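K.L.:
Quick one: this structure, given as structure tokens, is what I'll be asking you about.
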Amino acid sequence: MVLKLVGISVAIKGKSILEEINLEVKEGEFISLLGPSGCGKSTLLKTIAGLLTQQSGDVLMGQKNVNDLPANERGAVIVFQDLRLFPNMTIAENVAFPLKLKGVPKAERLAKAKELLERVQLAGYEKRKTSEMSGGQLQRVALARAMAANPRILLLDEPFSSLDESLRQDMRRLVLDLHKEFGMTTVLVTHDQEEALMMSDKVAVMMEGRLIQYDTPQVIYDQPASVAVADFFGGGNYISGKVQGNTFYSNQVSFPLDKPDGDYLALFRPSTLGLVPKKRGYHITEMNYLGGMWDLKVEGQGRVFSVRKVGEHPYKIGDETGLEFDISRAIIFNKSQ
Amino acid sequence: MSKKPYLLLLPVIFLSLIFIVGILYGLIQSFGIIPSLGMKVPTLKYYQELFTRPELLSSIGMSLYIAFVSSILATILGVLICSLLVLTGKGKGKVMHLVKIPIAIPHIVVAMFVMLIFAQSGLLARVLFNLGLLESPNAFPTLLYSQNGIGIILAYLWKEIPFVIFFVITIMANINTSLGEAAENLGASRWRAFIDITLPLSMPSIKNAFLIIFAYNFGAYELPYLLGATAPRAIPVQAYIEYIHPDLLHRPYAMALNGIMFLVSFIIVLIYHRTVQRNPN
Chain A
1 MVLKLVGISV
11 AIKGKSILEE
21 INLEVKEGEF
31 ISLLGPSGCG
41 KSTLLKTIAG
51 LLTQQSGDVL
61 MGQKNVNDLP
71 ANERGAVIVF
81 QDLRLFPNMT
91 IAENVAFPLK
101 LKGVPKAERL
111 AKAKELLERV
121 QLAGYEKRKT
131 SEMSGGQLQR
141 VALARAMAAN
151 PRILLLDEPF
161 SSLDESLRQD
171 MRRLVLDLHK
181 EFGMTTVLVT
191 HDQEEALMMS
201 DKVAVMMEGR
211 LIQYDTPQVI
221 YDQPASVAVA
231 DFFGGGNYIS
241 GKVQGNTFYS
251 NQVSFPLDKP
261 DGDYLALFRP
271 STLGLVPKKR
281 GYHITEMNYL
291 GGMWDLKVEG
301 QGRVFSVRKV
311 GEHPYKIGDE
321 TGLEFDISRA
331 IIFNKSQ
Chain B
1001 MSKKPYLLLL
1011 PVIFLSLIFI
1021 VGILYGLIQS
1031 FGIIPSLGMK
1041 VPTLKYYQEL
1051 FTRPELLSSI
1061 GMSLYIAFVS
1071 SILATILGVL
1081 ICSLLVLTGK
1091 GKGKVMHLVK
1101 IPIAIPHIVV
1111 AMFVMLIFAQ
1121 SGLLARVLFN
1131 LGLLESPNAF
1141 PTLLYSQNGI
1151 GIILAYLWKE
1161 IPFVIFFVIT
1171 IMANINTSLG
1181 EAAENLGASR
1191 WRAFIDITLP
1201 LSMPSIKNAF
1211 LIIFAYNFGA
1221 YELPYLLGAT
1231 APRAIPVQAY
1241 IEYIHPDLLH
1251 RPYAMALNGI
1261 MFLVSFIIVL
1271 IYHRTVQRNP
1281 N
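Line order of the protein sequences matches chains A and B.
Residue numbering for the first sequence follows our numbering, starting at 1 and increasing by one per position.
Residue numbering for the second sequence follows our numbering, starting at 1001 and increasing by one per position.
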């Protein structure tokens, strides 16, 4: 089901949370809403589901305007961050709840719940209470319950944030598998940029209630729309300079650049810088191990650069070195904009 | 080990001692042991008499009747209003300030309101008479000082419906905005989400509200004294009358009545703890 948001603005208690959000998610696409805490991404999710009403703008599902459709008829199901399983029901009853609402007979809906629990690797847990399950298991119950509602659009509100790393990997795999298997349109809210890049067809970066950039993970990472977006993906080494006659000039590096004259900022991510042992001008001041790679701090010409080095390296603190810039991967921002 | 923890426990021990000594002292007297009056042989006589003397037996009946009817009605009406407030999303605004007022007003003042309004010569009777709805003010039904206990029940309702709302609304509103919202999201109508999820999960706190007001209504003195019939009297009123009886030998009756009230309250406390334990949230 195609999901389309047109000019959505939401205010809660007179405070503006979302401003003019436009977003289109194609049938069967998996997208992420990415942004820092408090940027309004969960609010947007609730607005899509109909649990909040927007001040202006339209929510369209499959070309149909659903502004006036109450939450229980929208078919956009949220897996909440705090899960919200019903403590007065068994695991199977929780999963069967959406079917009970549709009037499916008891035996049939419990059989369906059993099937869904098997699908999320929780066979045999049907009769348990929610208080007798671990966090990771409850997460999968919440997912199974959402699937039981047969959602046209699945909305995931930071579903992995409370899990430890290995469980998180399993859950991501499971969610992607279910997404493909059921052919849903899926929107994932997350503040974890790696998660967003790894899982999504497209990423929507949100900041302070606005949608800043909406594109494929590669474009978001390689061509961030603003310094803020670039910073959200780890930032890097910013170099101020000028463009004159189709050349970028700065103290550290100069290279041809086909842009109009003016002040520019060039961003070199740590992975686009390299050390040149035979040259001089910089020396190593700090080395941090990141697991499989190193982050080296290199000082020279009055400032510090961050350099990513994959695998082991021969350097030690204090070594003199030169610095090379992979100019083909420089990210350029116009300072006057 | 330092002695400090025990020192800090002193206030609690002191308070508990007063409570336990008081109850034991009363219970011992209820078994007919008051050495200063020369009564030294323990006996169940006073309890037996309570259950055979018709006016005392009807006292117990009266107290149970008032406590039960007023608590059940207050709970049902309170939960009903509470539900409406939660479902319309008005559970947090000015309405709650309004709800707190009756909780703060003393029972004795409420008794006065009820007398002024519901007596046969009261405001309501005169208004109805002047509107021509009553042939004479005396045609107004007897609500006060009567065996039906309606005056007492009305006063309790005025005090306790707000108490039930106050006691239940926070939990009910929280459940409704989290789990109720989840149910709606899964396809339940607002009403269905409330009935299927919010109400059953609010039940422990509703039950506890009921138990608290039941225990109070069963043991409270002022409303039955001010608004009740001369016979049968509620247990606390009867106990007080036995207590101030000129013949000191009557004191064990008062204590036996207290013993019954203590037993009922104790059972209620047990039930309360069981509901709290079963639902730690």
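We put the beta carbon where it would ideally sit given N, CA and C, even for glycine.
Quantities reported herein were computed from a predicted structural model and do not represent experimental measurements.
Chain B beta carbons: is any one of them nearer than 9 Å to that of N72 of chain A?
P.N.:
Along the first sequence, read from residue 1 onward, the residue named residue 72 of chain A stands at position 72. Yes - at least one Cβ of chain B is within 9 Å of the one on N72 of chain A.
K.L.:
If contacts are defined as beta-carbon pairs under 8 Å, then I944 of chain B and G1149 of chain B qualify, I think. What distance do you get, rounded to the angstrom?
P.N.:
Here chain B comprises residues numbered 1001 to 1281, so residue 944 of chain B is not present and cannot be evaluated.
K.L.:
Could you name the residues of the segment 1167 to 1185 of chain B whose beta carbon sits closer than 8 Å to any beta carbon of chain E, in the order they occur along the chain?
P.N.:
Note that chain E does not occur in the displayed structure, where the protein chains are A and B.
K.L.:
Less than 8 Å between the CB atoms is what I'm expecting for Q121 of chain A and R140 of chain A, so what's the real figure, rounded?
P.N.:
Here the question's residue 121 of chain A lines up with position 121 in the first sequence. Here the question's residue 140 of chain A lines up with position 140 in the first sequence. The pair is a contact, with the Cβ atoms about 7 Å apart (cut-off 8 Å).
K.L.:
Please report the distance separating the alpha-carbon of D28 of chain A from that of L155 of chain A.
P.N.:
Here residue 28 of chain A is taken as the residue at index 28 of the first sequence, counted from 1. Here residue 155 of chain A is taken as the residue at index 155 of the first sequence, counted from 1. Looking at the sequence itself, residue 28 of chain A is Gly, so the reference to Asp does not match. Pairing G28 of chain A with L155 of chain A, the inter-Cα distance amounts to about 13 Å.
K.L.:
Starting from Y1025 of chain B and walking both ways along the alpha helix (DSSP H), at which residues does that stretch end?
P.N.:
Working through the second sequence from its first residue, we reach residue 1025 of chain B at position 25. For Y1025 of chain B, the uninterrupted alpha helix (DSSP H) segment begins and ends at K1004 to S1030.
K.L.:
State the Cα-Cα distance for the pair S254 of chain A and G274 of chain A, rounded to the nearest angstrom.
P.N.:
Here residue 254 of chain A corresponds to residue number 254 of the first sequence, with the count starting at 1. Here residue 274 of chain A corresponds to residue number 274 of the first sequence, with the count starting at 1. Going by the C-alpha atoms only, they are around 16 Å apart.
K.L.:
Examine chain B for any beta-carbon lying closer than 9 Å to the beta-carbon of K102 of chain A, and answer yes or no.
P.N.:
What you label residue 102 of chain A is simply residue 102 of the first sequence in a count that begins at 1. K102 of chain A counts as touching chain B.
K.L.:
Under 8 Å Cβ to Cβ from I1153 of chain B, same chain only, skipping five residues before and after it: list those, please.
P.N.:
One-based indexing of the second sequence puts residue 1153 of chain B at position 153. Result list for I1153 of chain B: I1066, V1069, S1070 and L1073, in chain order.
K.L.:
By Cβ distance below 6 Å, which residues in the same chain neighbour A1173 of chain B in space, the five residues on each side in sequence not counted?
P.N.:
Locating residue 1173 of chain B in the second sequence gives position 173, where the first residue counts as 1. For A1173 of chain B, where only same-chain residues beyond five positions count, the Cβ hits under 6 Å are V1086 and G1091.
K.L.:
Could you say if the segment 1226 to 1244 of chain B and the segment 1047 to 1058 of chain B meet the contact criterion of at least three C-beta pairs nearer than 8 Å?
P.N.:
yes
K.L.:
Ordered along the chain, which non-local residues of its own chain (more than five positions away) have a Cβ less than 8 Å from that of P1204 of chain B?
P.N.:
Counting from one through the second sequence, the residue named residue 1204 of chain B turns up at place 204. Cβ neighbours of P1204 of chain B beyond the five flanking positions: T1275, V1276, R1278 and N1279.
K.L.:
Less than 8 Å between the CB atoms is what I'm expecting for L23 of chain A and A204 of chain A, so what's the real figure, rounded?
P.N.:
Taking the first residue of the first sequence as position 1, residue 23 of chain A is located at position 23. Taking the first residue of the first sequence as position 1, residue 204 of chain A is located at position 204. At roughly 6 Å, the Cβ-Cβ gap stays under 8 Å, so L23 of chain A and A204 of chain A are in contact.
K.L.:
I need the boundaries of the beta strand (DSSP E) containing H283 of chain A, first residue and last residue.
P.N.:
In the first sequence, residue 283 of chain A corresponds to position 283, counting from 1. Note, H283 of chain A: beta strand (DSSP E), Y282 to Y289.
K.L.:
Taking C-beta pairs closer than 7 Å, name the residues in chain B that F86 of chain A reaches, listed in chain order.
P.N.:
Here the question's residue 86 of chain A lines up with position 86 in the first sequence. The contacting residues are L1179 and I1197.
K.L.:
Curious, which full-length alpha helix (DSSP H) runs of at least 4 residues does the segment 1062 to 1137 of chain B contain?
P.N.:
1094 to 1104, 1107 to 1118 and 1123 to 1130
K.L.:
I'd like to know if D68 of chain A contacts chain B, where contact means its C-beta is closer than 9 Å to some C-beta of that chain.
P.N.:
Working through the first sequence from its first residue, we reach residue 68 of chain A at position 68. Taking Cβ atoms only, chain B never reaches closer than 9 Å to D68 of chain A, which makes this a no.
K.L.:
Looking at the strands, I want to know which residues DSSP matches up with W294 of chain A.
P.N.:
Translated into the one-based positions of the first sequence, residue 294 of chain A becomes position 294. DSSP lists A:Y289 and A:K309 as partners of W294 of chain A.
K.L.:
Indicate whether at least one CB of chain A lies closer than 9 Å to the CB of R1190 of chain B.
P.N.:
Here the question's residue 1190 of chain B lines up with position 190 in the second sequence. Chain A, which has a Cβ nearer than 9 Å to the Cβ of R1190 of chain B, makes this yes.
K.L.:
Give me the Cα-Cα distance between G14 of chain A and A196 of chain A, rounded to the nearest whole angstrom.
P.N.:
Position 14 of the first sequence, counting from 1, holds the residue named residue 14 of chain A. Position 196 of the first sequence, counting from 1, holds the residue named residue 196 of chain A. Distance between the alpha carbons of G14 of chain A and A196 of chain A is about 31 Å.
K.L.:
For a minimum of 3 consecutive residues, which ranges assigned as the beta strand (DSSP E) are wholly contained in the segment 181 to 253 of chain A?
P.N.:
185 to 190, 202 to 207, 210 to 215, 237 to 244 and 247 to 249
K.L.:
To the nearest angstrom, report how far apart K1159 of chain B and H1107 of chain B are at their CA atoms.
P.N.:
As a working note, residue 1159 of chain B is residue 159 in the second sequence. As a working note, residue 1107 of chain B is residue 107 in the second sequence. Between K1159 of chain B and H1107 of chain B, the C-alpha separation is close to 8 Å.
K.L.:
What are the start and end residues of the beta strand (DSSP E) that includes Y264 of chain A?
P.N.:
Within the first sequence, numbered from 1, the residue matching residue 264 of chain A stands at position 264. Segment G262 to F268, the beta strand (DSSP E) holding Y264 of chain A.
K.L.:
Assuming M1261 of chain B and G1219 of chain B are in contact, meaning their beta carbons sit under 8 Å apart, how far apart are those beta carbons, in whole angstroms?
P.N.:
Translated into the one-based positions of the second sequence, residue 1261 of chain B becomes position 261. Translated into the one-based positions of the second sequence, residue 1219 of chain B becomes position 219. M1261 of chain B to G1219 of chain B, Cβ: 5 Å. Contact.
K.L.:
What's the C-alpha gap between L99 of chain A and R145 of chain A?
P.N.:
For the purposes of this step, residue 99 of chain A is taken as residue 99 along the first sequence, with counting starting at 1. For the purposes of this step, residue 145 of chain A is taken as residue 145 along the first sequence, with counting starting at 1. Their Cα atoms are separated by approximately 9 Å.
K.L.:
Assign N72 of chain A to buried or exposed, taking buried as 16 or more other Cβ atoms, counted over all protein chains shown, within 10 Å of its Cβ.
P.N.:
Your numbering for residue 72 of chain A matches position 72 in the first sequence. Under this definition N72 of chain A is a buried residue.
K.L.:
Check whether the Cβ atoms of L77 of chain A and L3 of chain A lie closer than 9 Å to each other.
P.N.:
The sequence position of residue 77 of chain A within the first sequence is 77, counting from 1. The sequence position of residue 3 of chain A within the first sequence is 3, counting from 1. A small fix is needed here, since residue 77 of chain A is Val in this sequence, not Leu. In this structure, L3 of chain A does not lie closer than 9 Å to V77 of chain A by Cβ.
K.L.:
Under 9 Å, do Q1147 of chain B and P1252 of chain B count as touching if we go by C-beta distance?
P.N.:
Indexing the second sequence from 1 puts residue 1147 of chain B at position 147. Indexing the second sequence from 1 puts residue 1252 of chain B at position 252. Taking 9 Å as the Cβ cut-off, Q1147 of chain B and P1252 of chain B do not qualify as a contacting pair.
K.L.:
Here's the rule I'm using: 16 or more other beta-carbon atoms within 10 Å means buried, otherwise exposed. How should L1248 of chain B be labelled?
P.N.:
Counted from its first residue, the second sequence places residue 1248 of chain B at position 248. So L1248 of chain B counts as exposed.
K.L.:
Which same chain residues end up closer than 8 Å to C39 of chain A when comparing Cβ atoms and leaving out the 5 residues on each side of it in sequence?
P.N.:
Within the first sequence, numbered from 1, the residue matching residue 39 of chain A stands at position 39. Here the set comprises M206, M207, E208 and G209.
K.L.:
Along the alpha helix (DSSP H) that carries L1223 of chain B, what are the first and last residues, could you check?
P.N.:
As a first step, residue 1223 of chain B is located in the second sequence; it is residue number 223 there, counting from the start. Its alpha helix (DSSP H) spans residues E1222 to L1227.
K.L.:
If we ignore side chains and look at the alpha-carbon of each, how far apart do R1190 of chain B and H191 of chain A end up?
P.N.:
Residue mapping note: residue 1190 of chain B aligns to position 190 of the second sequence, counting from 1. Residue mapping note: residue 191 of chain A aligns to position 191 of the first sequence, counting from 1. When rounded, the distance between both Cα atoms is 31 Å.
K.L.:
Between the segment 1201 to 1230 of chain B and chain A, which residues of the former have CB atoms less than 7 Å from a CB of the latter, in chain order?
P.N.:
Flagged, chain order: L1201.
K.L.:
State the Cα-Cα distance for the pair M147 of chain A and L116 of chain A, rounded to the nearest angstrom.
P.N.:
Counting from 1 along the first sequence, the entry for residue 147 of chain A is found at position 147. Counting from 1 along the first sequence, the entry for residue 116 of chain A is found at position 116. If I take the Cα positions, the gap works out to 8 Å.
K.L.:
Cα-Cα, which of B:L1211, B:Y1047 and B:Q1029 is closest to M1039 of chain B?
P.N.:
For the purposes of this step, residue 1039 of chain B is taken as residue 39 along the second sequence, with counting starting at 1. In this structure, B:Q1029 is the residue among B:L1211, B:Y1047 and B:Q1029 with its C-alpha nearest to the C-alpha of M1039 of chain B.
K.L.:
How should R269 of chain A be labelled, buried or exposed, when 16 other C-beta atoms within 10 angstroms of its C-beta is the threshold for buried?
P.N.:
The residue labelled residue 269 of chain A in the question sits at position 269 within the first sequence. Under this definition R269 of chain A is a buried residue.
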